[in-house]
Every structure is written in C-alpha cells, then in structure tokens.
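Written out below as structure tokens is the structure these notes cover.
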Amino acid sequence: MPSPHDSSKSEPVIDCRSVYKIFGENANRMLRDAGGNVDAQTFQNAGCVVGVNSASFQVYRGEMLVVMGLSGSGKSTLLRCISRLTETTAGEIYIDGEDLLAMSSKQLIELRRNKMGMVFQSFALLPHKTVLENIAFPLQVKGKTTAESMQRAMDMVKLVSLDGRENYYPRQLSGGQQQRVGIARSLAVEPDIWFLDEPFSALDPLIRKEMQDEFLRLQGVLHKTILFVTHDFSEALRLADRIAIMKDGIIEQLDTPANIVLNPATEYVRKFTEEVPREKVLKIESVMDPIGAETDFSDLTISKDVIIETVAEAVLAETKPVRVVDKDNNIVGSVHCAKMIHILFGKDDAVGTGGGYDPFFQIQTETGTVFGDFDRFFSVDTSGFA
Ligand SMILES: Nc1ncnc2c1ncn2[C@@H]1O[C@H](COP(=O)(O)OP(=O)(O)O)[C@@H](O)[C@H]1O
Ligand SMILES: [Mg+2]
0 MPSPHDSSKS
10 EPVIDCRSVY
20 KIFGENANRM
30 LRDAGGNVDA
40 QTFQNAGCVV
50 GVNSASFQVY
60 RGEMLVVMGL
70 SGSGKSTLLR
80 CISRLTETTA
90 GEIYIDGEDL
100 LAMSSKQLIE
110 LRRNKMGMVF
120 QSFALLPHKT
130 VLENIAFPLQ
140 VKGKTTAESM
150 QRAMDMVKLV
160 SLDGRENYYP
170 RQLSGGQQQR
180 VGIARSLAVE
190 PDIWFLDEPF
200 SALDPLIRKE
210 MQDEFLRLQG
220 VLHKTILFVT
230 HDFSEALRLA
240 DRIAIMKDGI
250 IEQLDTPANI
260 VLNPATEYVR
270 KFTEEVPREK
280 VLKIESVMDP
290 IGAETDFSDL
300 TISKDVIIET
310 VAEAVLAETK
320 PVRVVDKDNN
330 IVGSVHCAKM
340 IHILFGKDDA
350 VGTGGGYDPF
360 FQIQTETGTV
370 FGDFDRFFSV
380 DTSGFA
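Numbering that gives the first Met the number 0 applies: residue 0 is where the sequence shown begins, and numbers increase by one.
Put into structure tokens, the structure is as follows:
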C-alpha cells in the first residue's frame with residue numbers, strides 16, 4: 000500500500016485554491032456577481048453550467064487522491080483544470096509551487112511532457128502502431144533516439160506485464176491489456192504527477208479488480224503523486240490515500256477512506272457508505288485499543304495497516320488480546336476478540352453499515368469462539384461441535 004503523506008513535512012505538489020470552472024458565455028460576469036456564492040440552479044437558469052464550484056485542496060508527494068462522484072459531478076472538469084486542458088474560470092492552481100494559470104503555452108507543453116502523465120477511460124492508442132511503438136511514441140516526441148525510446152518502452156512493457164505482446168497491435172489486445180499499454184505509455188516519460196480519469200471504468204469487473212491490484216503494486220514501486228478519478232466508491236476505497244467526494248462541482252468531503260466511512264459529512268456521502276461493510280475498508284489501526292497496562296498478550300501479532308477482514312478470523316481465535324504493530328515492529332495497540340465481534344456484528348449505526356445486529360449465539364470453545372446466527376453464520380473453529 001502507498002504510504003500516506005505527512006503534510007507537515009512537505010510542500011504540496013498540487014495546490015488548488017477556490018477553483019471554479021463555469022461553462023457558458025456569461026460565466027465570468029455571473030461568477031463576479033455571485034461574490035463566490037455559486038448556486039448551480041441559478042447559474043443554469045442563466046444559461047451557465049457549473050463544472051467545478053470552489054474546489055480547494057492539496058495533494059502531497061507520493062499521495063494518491065481519488066476524486067469520486069456520480070456522473071456529471073465535475074470530476075473530469077476538475078482534472079482538466081489542473082492539467083490545464085481547460086481554462087479555469089477563477090481561482091489559483093499551483094504545481095510544485097509554480098503558478099499553473101500564469102504559465103505560457105510553451106511552459107505548459109514542457110510541463111505536460113516532462114511532469115504529467117495522463118490516462119483516460121478511452122485508451123486512445125494509435126491503431127497502426129504496435130504496443131512497443133505506442134509506448135515509445137511520447138519519448139520520440141520528446142526527441143529521444145529510436146533505440147533509446149524502444150529500450151525504455153520495453154522496460155515499460157515488462158513493468159505492466161505485457162512481455163511477449165510488444166509487437167501486437169491494439170486490436171489484438173483485450174480491453175485490460177489495451178489499458179496496460181495506456182498506463183505504460185503515460186509512465187514512459189517518468190511523470191511526477193499522474194492523472195487518471197476513470198482508467199478502469201470501461202473494463203469488466205474481474206479485469207477491473209485485477210487492474211486495481213496491478214495499479215497498487217505499481218504505485219508501491221513508483222510512489223507517484225496521483226489524481227485518480229472514478230465514479231466507483233469501492234474502487235476509491237481500495238485505491239485512495241484520501242478521497243474527495245464531489246457533487247454538483249463541490250467537494251463535499253475530503254478525507255481518508257476510513258474517516259469517510261466512519262464519519263460521512265453529508266447525506267450524499269453517507270449514501271455511498273451505507274452498503275460498505277466496515278471490516279472490508281477499515282484498517283486495524285482505526286479500531287485498535289491504545290496500549291494500556293496490559294501485558295498478557297496472545298502470541299499472534301498483526302500489522303496496523305491490514306484490512307480488518309483479512310485478520311478477523313485469526314483474532315477471533317485468540318482468547319488474549321492481539322498485539323498490533325507498525326512497520327518497524329513497534330507495538331502500537333491491541334485488539335481483543337470481543338472488540339472484533341463488536342466490529343463485525345455491533346450495533347453502531349454511526350459507522351454507516353446500515354445497522355448491525357447481535358449474534359444469535361456465541362460459544363467459547365477450547366480453540367476459540369464460535370458465533371453467528373442462522374443467516375450469517377460466522378465460525379472460527381467448529382471443532383468444538385465435533
Ligand atoms: N465543455 C463543456 N461545456 C459545457 N458543459 C460542460 C462541458 N464539459 C462538462 N460540462 C458540464 O460540467 C458538468 C461536469 O462534467 P464532468 O466534469 O464531465 O463530470 P464527471 O466527470 O464527474 O462525469 C456536467 O454538468 C457537464 O455537463
Ligand atoms: Mg468524467
């Protein structure tokens with residue numbers, strides 16, 4: 000998993016301050032008259048469409064910010080403002096401290112060629128070029144020699160696991176493979192900032208999951224600063240260090256996946272979190288107890304960064320509290336099986352699981368706890384019934 004940023008230590012790579020994008024002839028005048036208080040309906044009545052409404056946020060080095068929202072909520076427009084594919088109506092945008100909106104077109108071309116990588120939903124591959132040629136293309140545009148470009152392209156082919164297919168044409172590849180080419184091409188120029196607009200949305204669910212895993216693996220190696228757009232909340236939860244949830248051009252909430260699930264800021268956000276089982280998204284860290292006077296721990300040790308679901312059974316099998324450690328193996332907390340039961344079955348509507356329920360039974364056996372009900376049987380070790 001990518002490690003979260005430490006905002007206290009670094010300057011933001013992307014810094015947006017009250018960014019507006021209004022479409023329509025009178026956009027500038029309307030915005031001026033509104034005095035920063037933009038109502039989408041009022042603007043629409045006047046023939047303007049609000050794309051982005053006062054977006055302010057920062058993205059830090061090595062961080063992946065996922066912008067999530069329903070279709071039409073302004074995600075692509077926001078991304079286009081930050082890559083300056085569209086002109087922002089008002090606000091300020093800084094890239095590595097440089098004023099993006101003040102850049103000349105020459106500076107912009109340089110910035111896009113050297114610093115920014117982009118991947119879109121439509122793979123946009125050149126049909127008459129092979130995989131290798133497609134990936135090498137941006138390098139050749141930059142003036143690299145053919146030999147150098149091909150060498151680098153081949154490295155990228157390996158990075159996205161397409162070795163053996165480097166001489167195929169796009170039409171000979173599946174959707175997932177074509178998007179791997181798109182990803183490899185965008186990475187060929189070694190961008191610091193990576194923009195991805197619904198890169199996996201055109202892929203079927205199984206391939207999408209595979210691509211997400213692959214993407215996380217890549218980010219684990221590359222540590223890019225990423226702005227990733229999706230309309231899929233579960234995709235956002237899987238990938239993001241932080242998620243910005245958009246509605247009608249407004250960022251309604253920007254927070255870590257865990258905090259969004261635990262404390263949805265608005266009704267719109269809460270609706271997304273409703274169906275999310277918390278054990279599938281929360282890390283042990285967010286539910287562990289602080290270290291107390293306790294000294295009698297089980298032999299099991301778990302990482303604070305694992306998703307609860309992946310260790311739930313193991314924790315339930317322990318009668319003593321389980322130690323939670325950080326990446327340097329320091330003990331940072333503990334989790335008791337009783338807490339785990341509460342997380343999995345507790346009645347805590349505040350976390351937005353749509354209501355929990357009490358286990359129908361709960362039996363302590365020699366080897367662990369067995370509990371559940373007739374609908375949702377959850378067993379740790381049923382050998383006690385033998
Ligand atoms: N070029 C444009 N001209 C007019 N309206 C646009 C244009 N591009 C986007 N919009 C409008 O801006 C809003 C946000 O669009 P978009 O950013 O594409 O949403 P998303 O990517 O979240 O689906 C929508 O209402 C859309 O119709
Ligand atoms: Mg879009």
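Every residue gets a Cβ at the ideal spot worked out from N, C-alpha and C, and that includes glycine.
Model, not experiment: these values are computed from the prediction.
Can you tell me which of the options puts its alpha carbon nearest to the alpha carbon of residue i?
| i | options | result |
| --- | --- | --- |
| residue 159 | 131, 259 and 12 | 131 |
| residue 94 | 86, 25 and 107 | 107 |
| residue 128 | 166, 140, 201 and 121 | 166 |
| residue 86 | 280, 282 and 50 | 50 |
| residue 11 | 299, 44, 92 and 47 | 92 |
| residue 72 | 45, 246, 9 and 313 | 246 |
| residue 154 | 183, 142, 171 and 133 | 183 |
| residue 67 | 290, 256, 309 and 319 | 256 |
| residue 416 | 199, 330 and 54 | Only positions 0 to 385 of the chain appear in this structure, which leaves residue 416 out of reach. |
| residue 45 | 53, 88, 134 and 22 | 22 |
| residue 118 | 269, 214 and 342 | 214 |
| residue 311 | 279, 54 and 254 | 279 |
| residue 293 | 314, 134, 313 and 320 | 320 |
| residue 24 | 32, 40, 244 and 48 | 48 |
| residue 277 | 314, 236 and 317 | 236 |
| residue 298 | 307, 178, 123 and 314 | 314 |
| residue 343 | 281, 151, 263 and 143 | 281 |
| residue 89 | 142, 30 and 218 | 30 |
Taking the beta strand (DSSP E) that residue i falls in, what are its first and last residues?
| i | result |
| --- | --- |
| residue 251 | 249-254 |
| residue 119 | 115-119 |
| residue 63 | 63-67 |
Need the endpoints of the alpha helix (DSSP H) that residue i sits in, please.
| i | result |
| --- | --- |
| residue 89 | Where residue 89 is concerned, there is no enclosing alpha helix (DSSP H), although the beta strand (DSSP E) it sits in stretches over 89-94. |
| residue 20 | Taken as a continuous stretch (DSSP letters only), residue 20 belongs to no alpha helix (DSSP H), being part of the beta strand (DSSP E) at 13-22. |
| residue 57 | Taken as a continuous stretch (DSSP letters only), residue 57 belongs to no alpha helix (DSSP H), being part of the beta strand (DSSP E) at 48-58. |
| residue 76 | 74-81 |
| residue 229 | That residue, residue 229, is in no alpha helix (DSSP H); its beta strand (DSSP E) goes 224-229. |
| residue 30 | 26-33 |
| residue 387 | For the chain, the structure presents residues 0 to 385; residue 387 sits outside this window and is missing. |
| residue 42 | 39-44 |
How would you label residue i, buried or exposed, when you count the other beta carbons within 10 angstroms and need 16 or more for buried?
| i | result |
| --- | --- |
| residue 28 | exposed |
| residue 272 | buried |
| residue 116 | buried |
| residue 333 | buried |
| residue 181 | buried |
| residue 216 | exposed |
| residue 61 | buried |
| residue 351 | Bear in mind that a pLDDT of 31 at residue 351, under 50, signals an unreliable position, so the number given afterwards is only what the model happens to contain. Buried is the call here. |
| residue 70 | exposed |
| residue 238 | buried |
| residue 220 | exposed |
| residue 241 | buried |
| residue 290 | exposed |
| residue 9 | exposed |
| residue 346 | Because the pLDDT at residue 346 is just 45, under 50, the model does not fix this residue reliably, and the value given afterwards should be weighed accordingly. Under this definition residue 346 is an exposed residue. |
| residue 207 | buried |
| residue 265 | exposed |
| residue 125 | exposed |
| residue 274 | exposed |
| residue 170 | exposed |
| residue 349 | Its pLDDT being 33, under 50, residue 349 is placed unreliably by the model, and nothing is read from it. |
| residue 20 | buried |
Exercise. Could you say if the region 78-87 and the region 14-31 meet the contact criterion of at least three C-beta pairs nearer than 8 Å?
Key: yes
Practice problem: Quick one: which unbroken alpha helix (DSSP H) runs of 4-plus residues sit fully inside the region 129-205? Chain order, please. | Solution: 130-140, 145-158 and 174-187
Self-check item: Inside the region 234-319 only - alpha helix (DSSP H) runs reaching at least 4 residues
Solution: 256-261, 266-272, 277-280 and 307-315
Practice problem: Check whether the region 322-338 touches the region 279-287, counting contact only when three or more Cβ pairs, one atom from each stretch, lie closer than 8 Å. | Solution: Judged by Cβ distances under 8 Å, the region 322-338 makes contact with the region 279-287, as three or more pairs qualify.
Quiz item: Does the count of Cβ pairs from the region 103-117 and the region 69-76 closer than 8 Å reach three?
Solution: In this structure the region 103-117 does not lie against the region 69-76, because fewer than three pairs of beta carbons, one per stretch, are closer than 8 Å.
Quiz prompt | the region 220-234 touching the region 249-256, judged by at least three CB pairs closer than 8 Å | solution = no
Quiz item: Between the region 317-332 and the region 290-305, are three or more C-beta pairs nearer than 8 Å?
Solution: yes
Quiz item: Counting Cβ pairs, one atom from each stretch, are 3 or more of them under 8 Å apart for the region 187-197 and the region 133-140?
Solution: These segments touch.
Exercise. Mind the definition here: the region 217-227 touches the region 194-203 only if three or more C-beta pairs lie below 8 Å; say whether that holds.
Key: yes
Quiz item: Per the contact definition of three or more C-beta pairs closer than 8 Å, is the region 164-178 in contact with the region 196-209?
Solution: A contact between stretches requires three or more CB pairs, one per stretch, nearer than 8 Å, and the region 196-209 meets this requirement with the region 164-178.
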